[in-house]
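Heads up: the protein sequence lines correspond to chains A and B, in order. For the record, in the first sequence the residue sitting at position 110 is 112 according to our numbering, with numbers rising by one throughout. For the record, in the second sequence the residue sitting at position 41 is 43 according to our numbering, with numbers rising by one throughout. The block underneath contains the structure these notes are about, expressed in C-alpha cells.
There are 2 protein chains.
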Amino acid sequence: MTGWVVIAGLGPGRETLVTPEVRDALAEATDVVGYIPYVARIAPREGLVLHASDNRVELDRSRHALEMAAEGKRVVVVSSGDPGVFAMAAAVFEALEAGPEAWRALEIRVLPGITAMLAAAAAAGAPLGHDFCAINLSDNLKPWALIEKRLRLAAEADFAMAFYNPRSKSRPEGFARTLEILTETCRDARPVLFARAVSTPEQALRIVPLPDCTPDMADMRTMVIVGNSATRVIDTPRGPILYTPRSA
Amino acid sequence: MTGWVVIAGLGPGRETLVTPEVRDALAEATDVVGYIPYVARIAPREGLVLHASDNRVELDRSRHALEMAAEGKRVVVVSSGDPGVFAMAAAVFEALEAGPEAWRALEIRVLPGITAMLAAAAAAGAPLGHDFCAINLSDNLKPWALIEKRLRLAAEADFAMAFYNPRSKSRPEGFARTLEILTETCRDARPVLFARAVSTPEQALRIVPLPDCTPDMADMRTMVIVGNSATRVIDTPRGPILYTPRSA
C-alpha cells in the first residue's frame, strides 16, 4: 500500500462549503488527524481511524501524519477553512523539512478550502472587493511588534484588512491595542465587520463604525474585517450590505 | 414566483473545487449571467437561460441580473474563483446602490468560492502560510500610483503577496514595473511562484528567485505569489515545495 498525506480544508463550518475533492480524499483515507473540533466534523466509518489532538501541538500532529504515511497509511490532515491560511499546511512542511530525508519522497497534497475571511465577507456583502491583507493577530509564534508594524503599514496602504485569531482569554490586550492603532492611523469612521461563528447555525454578524468598536466585540471564533477608506454600507430592508467598490 | 440573485464563485477551474451550495443554486436557477468563459462552464439544461457577456461590462451585467430578479427570476451571477475577490460581487453591489430603490428589497446572496490564490498556494505548498496581501495589478479601475504605493508598503510590512491580473497585452509595462519595485525594496532572492491556469489541465507552476524573474513569466491567466523574507523552498524528488513558516 502506498501512503500519502493530504492536507485538506473543511471550510469554516457549513457542510455545503466542503469541496467534493476534500470529500473524496476523506473517503479514501485510513487515518484522519487534526485539532479536536475539526476531527469531530468527520463522520466515523469502518476502516477509518480518527486521531484528534489538542491545540498548539501542530508540529507533533504533523510528524505523526508523516510517520503514518511513511508506513503506508493514507492520511488526511484536516484544517478548518483553508489549510494554507494560518492553518496546518505550513506546520506539515516545517515538520517535513526538519524530518528524515525519506519523508521527502512521500506524496503530499494540499486541498484548498473556503477560508473564514471569504465566508465572512460573502455573508456581509463584498468588503474584500478590492486590495486587502490578512493578518493573524495571535502573537504565539511572532513578536507583537511585527504585528503592530504590519497594522500601521496596512492602514497606510489603505488595504481592507482581515484579522484571524483576534482575541483570546490569555491575551485580551492585543485586540484592544489593534483598535487603538487603527483609530489613530485611519482617522475615519470606516465600517468594521465582526463575523462570529461564520457559516454555522450560531453565525452572528455585526457592522460597527471604527470609532465605536470595543475589544469585547471579538473572541477567538470571530473573524474581523476592517474596510478600507472607500468601504460602504448599503441599507436595505433585509439588513446592511458591506462592500468595497472595485475602484478603491 | 420570488426572484433572487445569487453571486456564486465557481473556483479557479477544476470541477471538484465547486462547492455543493453553488451546485445547488445553479440547479434552482432560471438564468445564469457572467463573462463568456465562466458561463461556458455551466451545463445547459431545459429551463435555464445562459446569458454570456464580454469582459469589462460588469455593471451592465449586474443591472441585468438585478432587473431579472425583480421580474421574479432566479439569477446566478457566476464568477471564477471567489465572487468577492476582484470579481462580480462588488460590481453587483455598485449597481444595487446606484439602482432603483425597489432593488434593495431583493434577496441577494454571495456564495464563496476557492479564489485563485488559494488554489495556486495549495498547488505549490503553503506560501501564504503567514500574513499576506492580495493586490489586483490591473489599473483599469484605479491609478497606477496607488498600486505602486501598496507594493512598496507591502514589501516594507514583509507580507507575502498574491497578484491578480498581473499582465495583459494592453499594459505589459505594469508587471515589469512591479518586478523592478520588488527587486529594489526586497533586496533578496526570495522565491516567486508563477502559477498558470491553476487547477486546470494546462496548470503550470514555476518557482523563480526574485532577481531572476522577468515580465514574460506572467500573463492574464497567471497568479503570481511573492514570498515574504522567510519563505522557503524544500527540494523533494517530487519537485519543489514552497512554504512560509508560521513564525514569519
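Using N, Cα and C, we set each Cβ at its ideal position, and we do this for glycine too. Predicted model only: the values in this text are computed from it and were never measured.
Review point. At a Cβ threshold of 7 Å, is G49(B) touching chain A?
Key: no
Point to revise | Candidates A156(A), V194(A), E186(A), D141(A), of which the one nearest R169(A) by Cα | key: D141(A)
Point to revise | Within 9 Å of chain B by C-beta, residues of the region 123-135 of chain A in sequence order | key: A123, A124, A125, A126, G127, A128, P129, L130, G131, H132, D133, F134, C135
Practice item. Would you mind sorting P211(A) into buried or exposed? The rule is 16 or more other CB atoms within 10 Å of its CB. Key: exposed
Review point. Enumerated in chain order, which unbroken segments of the alpha helix (DSSP H) with a length of 4 residues or greater are wholly contained in the region 68-153 of chain A?
Key: 90-100, 118-126
**Study point:** Residue-level contact to chain B via CB, S249(A), 7 Å cutoff
**Key:** yes
**Study point:** Short CB-CB distance (under 7 Å) between A10(B) and chain A
**Key:** no
Practice item. Name, going along the chain, the residues of the region 222-247 of chain A whose beta-carbon falls closer than 8 Å to a beta-carbon of chain B. Key: R234, I236, D237, T238, P239, R240, I243, Y245, T246, P247
Check your understanding: Between the region 171-182 of chain B and chain A, which residues of the former have CB atoms less than 9 Å from a CB of the latter, in chain order?
Key -> none
Exercise for review: Using three-state DSSP, classify G15(A) as helix, strand or coil.
Suggested key: coil
Check your understanding: Cβ-heavy atom distance between A92(A) and the ligand SAH below 6 Å?
Key -> The ligand SAH is absent from the structure shown, which contains no ligand whatsoever.
**Study point:** Limits of the beta strand (DSSP E) - the one that D33(A) falls within
**Key:** 33-37
Exercise for review: Compile a chain-ordered list of the residues in the region 70-93 of chain B whose CB is closer than 7 Å to at least one CB of chain A.
Suggested key: D84, G86, V87, A91, A92, A93
Point to revise | chain A contacts made by the region 137-157 of chain B, where a contact means CB separation under 7 Å | key: I137, N138, L143, K144, K151, R152, L155, A156
Check your understanding: With 16 other CB atoms within 10 Å as the buried threshold, where does N302(B) fall?
Key -> Since the displayed chain B opens at 3 and closes at 250, residue 302(B) lies outside it and no answer follows.
Check your understanding: For the beta strand (DSSP E) that contains P211(A), what are its first and last residues?
Key -> 206-211
Exercise for review: Inspect the beta-carbon positions of V235(A) and P193(A) and report whether they are closer than 7 Å.
Suggested key: yes
**Study point:** Minimum C-alpha distance to D133(B) - residue among E17(B), T246(B), L19(B)
**Key:** T246(B)
Check your understanding: Rounded to a whole number of angstroms, what is the C-alpha to C-alpha distance between T253(B) and G131(A)?
Key -> No statement about residue 253(B) is possible, as the shown extent of chain B runs from 3 to 250 and does not include it.
Practice item. Anything in chain B within Cβ reach of T32(A), meaning under 8 Å, just list it in chain order. Key: Per Cβ cutoff of 8 Å: no residues; T32(A) is ~21 Å from chain B at best.
Check your understanding: Got a sec? Which residues, its chain only, sit under 6 Å from R208(B) by beta carbon, not counting five neighbours each side?
Key -> F196
Point to revise | Chain-ordered neighbours of T202(A) on chain B, where CB pairs are closer than 8 Å | key: Simply none; closest approach about 14 Å.
Check your understanding: Quick one: what's got a C-beta closer than 6 Å to A156(A)'s C-beta in the same chain, skipping five residues either side?
Key -> C135, M163
Point to revise | Residues sharing a beta bridge with H53(A), DSSP | key: V35(A)
Practice item. Report yes if the CB atom of F177(A) is closer than 7 Å to the CB atom of I137(A), and no otherwise. Key: no
Review point. What are the start and end residues of the beta strand (DSSP E) that includes F196(A)?
Key: 193-198
Exercise for review: Indicate whether the contact test is met: 3 or more Cβ pairs, each with one atom in the region 67-83 of chain B and one in the region 97-114 of chain B, closer than 8 Å.
Suggested key: yes
Review point. T21(A) CB to nearest chain B CB: under 7 Å?
Key: yes
Exercise for review: Closer than 8 Å by beta-carbon distance: list the chain A residues that pair up with A107(B), in chain order.
Suggested key: T238, P239, R240
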